[in-house]
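Trainee:
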Amino acid sequence: MRKIIGIGETILDILFTNNQPTVAIPGGSTFNAMVSLGRLKIPATFISETGDDKVGRLIRDFMKANHLNTDHLDLNPDARSAVALAFLNAQNDAEYVFYKDHPRARFDAILPKVEADDIVLFGSYYALNPQLRPKLVDFLEKARDKGAIIYYDVNFRQSHADEAVRLSTILIENYEFADIIRGSEDDFRHLYKMTDPELIYRNKIRFYTPNFIFTAADKGVEVWGENFSKHYEARTIEPVSTVGAGDNFNAGILFGLLRARVRRVDLPTLNERDWDAIINCGLDFAAEVCQSYDNYLSVEFAEKYAM
Numbered sequence: 000m001r002k003i004i005g006i007g008e009t010i011l012d013i014l015f016t017n018n019q020p021t022v023a024i025p026g027g028s029t030f031n032a033m034v035s036l037g038r039l040k041i042p043a044t045f046i047s048e049t050g051d052d053k054v055g056r057l058i059r060d061f062m063k064a065n066h067l068n069t070d071h072l073d074l075n076p077d078a079r080s081a082v083a084l085a086f087l088n089a090q091n092d093a094e095y096v097f098y099k100d101h102p103r104a105r106f107d108a109i110l111p112k113v114e115a116d117d118i119v120l121f122g123s124y125y126a127l128n129p130q131l132r133p134k135l136v137d138f139l140e141k142a143r144d145k146g147a148i149i150y151y152d153v154n155f156r157q158s159h160a161d162e163a164v165r166l167s168t169i170l171i172e173n174y175e176f177a178d179i180i181r182g183s184e185d186d187f188r189h190l191y192k193m194t195d196p197e198l199i200y201r202n203k204i205r206f207y208t209p210n211f212i213f214t215a216a217d218k219g220v221e222v223w224g225e226n227f228s229k230h231y232e233a234r235t236i237e238p239v240s241t242v243g244a245g246d247n248f249n250a251g252i253l254f255g256l257l258r259a260r261v262r263r264v265d266l267p268t269l270n271e272r273d274w275d276a277i278i279n280c281g282l283d284f285a286a287e288v289c290q291s292y293d294n295y296l297s298v299e300f301a302e303k304y305a306m
C-alpha cells in the first residue's frame, strides 16, 4: 500500500490572543500535515527528532494517538524540545518567536523504506539547514531513485530572509529533487522580493519542474502543470487562526493525489479535471483548519472527508 512520508521538525506551539496564551499544541509545518493525514487513516510516517523530555514524549504520544508511525522519531537526550510562540494579530495571522536548545544539529532518526509512488513531503528551514543536509540528501536521493513523488513546501520565513542568498544553492538543489513545488506569496517575497506568480514560475521554478502551486491566502491559488495553468478562488470563511492553513493545504494536496490514484508517471498527464479535484482537497483542508485553534483537521472532519 502506498504511504506518505514526511520529514521535518517537531515543536510545541503556544498560541497567544491579545497577548494572552490561548492553547498549547504540538506543531511543526510538516508535522501538522502528517497529523491530518494520520487522522484520515492514510498510512503515514514522520521522520523527526525532539528532546527526550516531557514535551518530546508528549509529542510522541500525540503522534501515536493520531495514527502516525513513530519508529522514525528520534528522542535526543542531549536536547530540549523546541517551542514556538505564535502571536495572533487582528486578522488572526501569526507572528512567531522560536526557542530552540540543541547543543548540536543532528539527524539520528532511522530512515524508513521508500517504495515506488510513495509520496515524500519536505520543506521549511529544516530542508535548508546545512548541518542536517547530508542525511536529508541521502534520503531524498533514495526516494527519487525508488520513484516516489517528492513534494517540496518552500515555507521560507521572514526570520531567514537575510540568509536567502547564502542558502540559494541548497534551495535550488531542493527544487531539483521536487516533482511538485508549493510556495506562498510571502515565501517568494522573502526569498526573491517577488510576488508575481507568473514571473516566479517562469524565472525561478519552471526549469526544475512544471508542477507549481502558488498560494496567496484569501487571494486564492495559482497552479501550473504540464501544459496547464489555472486560478482557484480561496474559500470564504471567518478565520480563527491561520497558523495551520498552509500545512493542511499541503495535506489536502497529498490526500488528493492518493485519492485520485496519481502515480509519479501520471504527473505530466494531469488535466484540468484532475487538478480541480486535487486542489479542492487542499482548499477544503485549509479552510477547515482556519476555523479553529488546532494546527490540523478535526477528527470529525477527517472521518467524514475520508468516507
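In numbering that gives the first Met the number 0, the protein residues as written are 0 to 306.
All C-beta atoms in this analysis are idealised placements derived from N, C-alpha and C, irrespective of residue type, glycine included.
Have a look at residue 237 and residue 38 and give me their C-alpha separation to the nearest angstrom.
Mentor: Here residue 237 refers to the residue found at position 238 when the sequence shown is read from its first residue. Here residue 38 refers to the residue found at position 39 when the sequence shown is read from its first residue. Near 24 Å, if we compare the C-alpha coordinates of residue 38 and residue 237.
Trainee: Could you check the C-alpha separation between residue 168 and residue 206 for me, to the nearest Å?
Mentor: Residue mapping note: residue 168 aligns to position 169 of the sequence shown, counting from 1. Residue mapping note: residue 206 aligns to position 207 of the sequence shown, counting from 1. Their Cα atoms are separated by approximately 15 Å.
Trainee: Among all the DSSP beta bridges, which residues are the ones paired with residue 228?
Mentor: Here residue 228 refers to the residue found at position 229 when the sequence shown is read from its first residue. Paired residues: 223.
Trainee: Below 8 Å on the Cβ atoms is my contact criterion, and I expect residue 96 with residue 11 to pass it. Report the Cβ-Cβ distance as a whole number of Å.
Mentor: By 1-based counting over the sequence shown, the position of residue 96 is 97. By 1-based counting over the sequence shown, the position of residue 11 is 12. That pair is no contact at about 13 Å.
Trainee: Closest to residue 47 by CA distance: which of 94, 74, 61, 66 is it?
Mentor: Translated into positions along the sequence shown, residue 47 becomes position 48. It is 74.
Trainee: Could you check how far apart the C-beta atoms of residue 227 and residue 221 are, in whole angstroms? I think they sit under 8 Å.
Mentor: Counting from 1 along the sequence shown, the entry for residue 227 is found at position 228. Counting from 1 along the sequence shown, the entry for residue 221 is found at position 222. Incorrect: roughly 11 Å between the Cβ atoms, too far for contact.
Trainee: Suppose you measure from the CA of residue 259 to the CA of residue 268; what does that come to, to the nearest Å?
Mentor: Walking along the sequence shown from the start, residue 259 turns up at place 260. Walking along the sequence shown from the start, residue 268 turns up at place 269. C-alpha separation (whole angstroms): 13 Å.
Trainee: Which residues does DSSP pair with residue 259 in a beta bridge?
Mentor: Numbered from 1 along the sequence shown, position 260 holds the residue referred to as residue 259. According to DSSP, which records beta bridges pairwise, residue 259 is partnered with nothing at all.
Trainee: Nearest CA to the CA of residue 161: which residue from 132, 110, 194, 124?
Mentor: Taking the sequence shown and counting its residues from 1, the one referred to as residue 161 is at position 162. Among 132, 110, 194, 124, the Cα nearest to that of residue 161 belongs to 124.
Trainee: With distances taken from CA atoms, which of 117, 28, 36, 22 is nearest residue 336?
Mentor: Residue 336 is absent from the structure shown; the chain starts at 0 and stops at 306.
Trainee: Is it buried or exposed, residue 298, if we count other Cβ atoms within 10 angstroms and call 16 or more buried?
Mentor: For the purposes of this step, residue 298 is identified with residue 299 of the sequence shown, where counting begins at 1. Exposed.
Trainee: Give a yes or no on whether 8 Å exceeds the smallest Cβ distance from residue 95 to chain D.
Mentor: No chain D is part of this structure, which consists of one protein chain only.
Trainee: In chain order, what residues of the same chain have a beta carbon less than 6 Å from the beta carbon of residue 231, not counting five sequence neighbours either side?
Mentor: Residue 231 sits at position 232 when you count from the first residue of the sequence shown. Taken in chain order, the residues that qualify are 219, 220, 278.
Trainee: Please report how far the alpha carbon of residue 34 lies from the alpha carbon of residue 145, in whole angstroms.
Mentor: The count along the sequence shown starts at 1 and reaches residue 34 at position 35. The count along the sequence shown starts at 1 and reaches residue 145 at position 146. Roughly 25 Å separates the two Cα atoms.
Trainee: Determine the contact status of residue 285 and residue 255, defining contact as a CB-CB distance below 8 Å.
Mentor: For the purposes of this step, residue 285 is identified with residue 286 of the sequence shown, where counting begins at 1. For the purposes of this step, residue 255 is identified with residue 256 of the sequence shown, where counting begins at 1. Contact flag unset, no.
Trainee: For residue 148 versus residue 180, is the C-beta spacing smaller than 8 Å?
Mentor: Taking the first residue of the sequence shown as position 1, residue 148 is located at position 149. Taking the first residue of the sequence shown as position 1, residue 180 is located at position 181. For residue 148 and residue 180, no; Cβs fall outside 8 Å.
Trainee: Between residue 13 and residue 119, how many whole angstroms is the CB-CB distance? I'm expecting something under 8 Å.
Mentor: One-based indexing of the sequence shown puts residue 13 at position 14. One-based indexing of the sequence shown puts residue 119 at position 120. With 8 Å as the limit, residue 13 and residue 119 do not qualify as a contact, their Cβ atoms being about 29 Å apart.
Trainee: Mapping DSSP to helix, strand and coil, what is residue 298?
Mentor: As a working note, residue 298 is residue 299 in the sequence shown. Of the three classes helix, strand and coil, the one that applies to residue 298 here is helix, per DSSP.
Trainee: Look at the Cβ atom of residue 139, then the Cβ atom of residue 176, and state whether they are nearer than 8 Å.
Mentor: Here residue 139 refers to the residue found at position 140 when the sequence shown is read from its first residue. Here residue 176 refers to the residue found at position 177 when the sequence shown is read from its first residue. Yes. Within cutoff.
Trainee: Roughly how many angstroms lie between the CA atoms of residue 51 and residue 78, to the nearest whole one?
Mentor: Taking the first residue of the sequence shown as position 1, residue 51 is located at position 52. Taking the first residue of the sequence shown as position 1, residue 78 is located at position 79. When rounded, the distance between both Cα atoms is 7 Å.
Trainee: What residues in its chain sit with their C-beta under 6 Å from that of residue 126, if we drop five residues either side in the sequence?
Mentor: If you number the sequence shown from 1, residue 126 lands on position 127. Excluding residues within five positions, the ones whose Cβ falls inside 6 Å are 173.
Trainee: Excluding the 5 residues flanking residue 152 on each side, which residues of the same chain have their C-beta closer than 6 Å to its C-beta?
Mentor: Position 153 of the sequence shown, counted from the first residue, corresponds to residue 152. Counting only Cβ-Cβ distances below 6 Å, and skipping sequence neighbours, we find 122, 181, 249.
Trainee: What are the boundary residues of the alpha helix (DSSP H) that includes residue 281?
Mentor: Counting from one through the sequence shown, the residue named residue 281 turns up at place 282. Segment 271 to 288, the alpha helix (DSSP H) holding residue 281.
Trainee: What does DSSP give as the partner residues of residue 98 in its beta bridges?
Mentor: Numbered from 1 along the sequence shown, position 99 holds the residue referred to as residue 98. Bridge partners of residue 98: 82.
Trainee: Please confirm whether residue 209 and residue 197 have their CB atoms less than 8 Å apart.
Mentor: Here residue 209 corresponds to residue number 210 of the sequence shown, with the count starting at 1. Here residue 197 corresponds to residue number 198 of the sequence shown, with the count starting at 1. Contact: no.
Trainee: Within 10 angstroms of its Cβ, does residue 305 collect 16 or more other Cβ (buried), or is it exposed?
Mentor: Within the sequence shown, numbered from 1, the residue matching residue 305 stands at position 306. Per the 10 Å Cβ criterion, exposed.
Trainee: Grab the span of the beta strand (DSSP E) containing residue 144 for me, first residue to last.
Mentor: Mapped onto the sequence shown, residue 144 falls at position 145. No beta strand (DSSP E) holds residue 144; the alpha helix (DSSP H) holding it covers 132 to 145.
Trainee: Quick one: using the 10 Å Cβ neighbour count with 16 as the cut-off for buried, is residue 115 buried or exposed?
Mentor: Start at 1 with the first residue of the sequence shown, and residue 115 comes out as number 116. It counts as exposed.
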